[in-house]
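Student: Have a look at this one.
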Amino acid sequence: MKPICLIPARGGSKRIPKKNIKIFNGKPLIQWSIDCAKNSNLFSKIVVSTDNLEIAEIAKNCGAEIPFIRPSKLSDDFTKDIEVIQHYINHEISINNVPDTLCYLYPTAPFITKETLKKCYSLLLEKKAACSLTITSFPYPPQRALRKNDDSTLDFFWNEFKGKRSQDLLETFHDAGQCYFYNLQKFPDISNRVGLILPRILCQDIDTPEDFEFAETLFKVLEEK
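Numbered by this note's numbering, the letters in the sequence shown go through residues 1 to 225 in order.
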C-alpha cells in the first residue's frame with residue numbers, strides 16, 4: 001500500500017494571521033506542500049487535517065482530501081503533532097483503511113521537493129526505522145552557546161567547551177521542519193528514527209512576518225538560480 005500524506009493546517013495562527021493560506025510567491029502557502037506531494041506520485045491520497053472551513057476549501061481546490069473538520073480541542077496552540085496524527089489514524093481505523101506508512105508534511109514547507117520526499121521515504125524503508133525526518137546542521141556550534149545573566153554578564157552554558165575551536169566540536173543537527181515518515185506498525189514509538197540531511201539554504205522556519213518575507217525572497221533567488 002502506498003503511504004498516505006497528512007498535512008496539518010489549523011486556522012488559528014496568531015503571529016501571521018491565516019499563515020497556511022497566505023499567498024507565498026503567487027500561491028497559498030499550503031499549496032506548495034500539496035503540489036509537491038502530488039508531483040511526487042508517492043501517495044495513495046493527500047489529506048489535510050484542519051479546523052478551518054476556508055483552509056479546507058482552498059486545500060480541496062488544490063487537490064487534497066478533507067475527510068473531516070478537526071475538532072477545536074485538537075486545534076489550539078498546545079495541540080501536539082502526535083495528537084493530530086493519532087486523530088487521523090483513528091479516522092482511518094473507523095473506515096478500516098489503516099496504511100502501513102504515513103507522511104506528515106507541514107503546510108509551511110515551500111522549499112520541500114519531490115526528491116526530498118522520495119529520499120526520506122526510501123531512508124525509512126532502507127533503515128527499517130520507525131520514523132525518518134528531514135534535518136539540517138546548526139550554522140554555529142550550540143556547544144558554545146552563551147547565556148545572559150541578570151547583571152548582563154555572559155557565561156557559557158557548557159564551560160567544558162569554552163576553549164574548544166568550533167571545528168573540533170561534534171557537528172550537531174536540528175529538525176528541518178519539512179516532512180516526517182512514520183512506520184505505523186511501530187507508531188507512536190519513534191525512538192528508532194533516522195534523518196535525511198538537507199542543505200541549510202533549503203530550510204527556513206516561517207513563524208513571524210519577517211520569516212515569511214525572508215523565505216519569499218530566498219525562494220525567488222533559488223528559483224532564479
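Idealized CB from N, CA, C, for every residue including glycine. Small disclaimer: the values here were computed from a predicted structure and weren't measured.
On a Cα-Cα basis, can you pick out the residue from L170, L125, L124, E160 that is closest to Y140?
Tutor: Numbered from 1 along the sequence shown, position 140 holds the residue referred to as residue 140. Nearest of L170, L125, L124, E160 to Y140, Cα basis: L170.
Student: Under a three-way DSSP split, which group does P142 fall into?
Tutor: Reading the sequence shown from its first residue, position 142 is the one you call residue 142. Correct three-state label for P142: helix.
Student: Taking the continuous alpha helix (DSSP H) assigned at P233, which residues delimit it?
Tutor: Outside the shown range of the chain, which is 1 to 225, sits residue 233, and nothing can be said about it.
Student: Given a cut-off of 7 Å on the beta-carbon distance, is the pair D155 and R165 in contact?
Tutor: By 1-based counting over the sequence shown, the position of residue 155 is 155. By 1-based counting over the sequence shown, the position of residue 165 is 165. No, these two residues do not count as a Cβ contact at 7 Å.
Student: Just to confirm before moving on: does the CB-CB distance between Q178 and I112 stay below 7 Å?
Tutor: Reading the sequence shown from its first residue, position 178 is the one you call residue 178. Reading the sequence shown from its first residue, position 112 is the one you call residue 112. Yes, they are a contact pair.
Student: In three-state DSSP terms, what is L184?
Tutor: Taking the first residue of the sequence shown as position 1, residue 184 is located at position 184. Reduced to three states, the DSSP call for L184 is coil.
Student: Could you check the C-alpha separation between K118 and A37 for me, to the nearest Å?
Tutor: Position 118 of the sequence shown, counted from the first residue, corresponds to residue 118. Position 37 of the sequence shown, counted from the first residue, corresponds to residue 37. Near 10 Å, if we compare the C-alpha coordinates of A37 and K118.
Student: Beta strand (DSSP E) containing D155: first to last residue?
Tutor: The residue given as residue 155 occupies position 155 in the sequence shown. Where D155 is concerned, the enclosing beta strand (DSSP E) stretches over 154-156.
Student: For the putative contact between L218 and S132, defined by C-beta atoms under 8 Å, what is the C-beta separation to the nearest angstrom?
Tutor: Numbered from its first residue, the sequence shown carries residue 218 at position 218. Numbered from its first residue, the sequence shown carries residue 132 at position 132. At roughly 25 Å, the Cβ-Cβ gap does not stay under 8 Å, so L218 and S132 are not in contact.
Student: Going by DSSP, what residues sit across from T136 in a beta bridge?
Tutor: Here residue 136 corresponds to residue number 136 of the sequence shown, with the count starting at 1. Per DSSP, H174.
Student: Leaving out five residues on either side along the sequence, give the residues of the same chain with a beta carbon under 8 Å from the beta carbon of A130.
Tutor: If you number the sequence shown from 1, residue 130 lands on position 130. Closer than 8 Å at the Cβ level, and outside the excluded window around A130, lie Y182, N183, K186, F187, D189, I190, S191, N192, R193.
Student: With DSSP run on the structure shown, which of helix, strand or coil describes C120?
Tutor: Reading the sequence shown from its first residue, position 120 is the one you call residue 120. Helix.
Student: For A239 versus N25, is the C-beta distance shorter than 7 Å?
Tutor: Lying before the first or after the last residue shown, residue 239 is absent from the chain, which here runs from 1 to 225.
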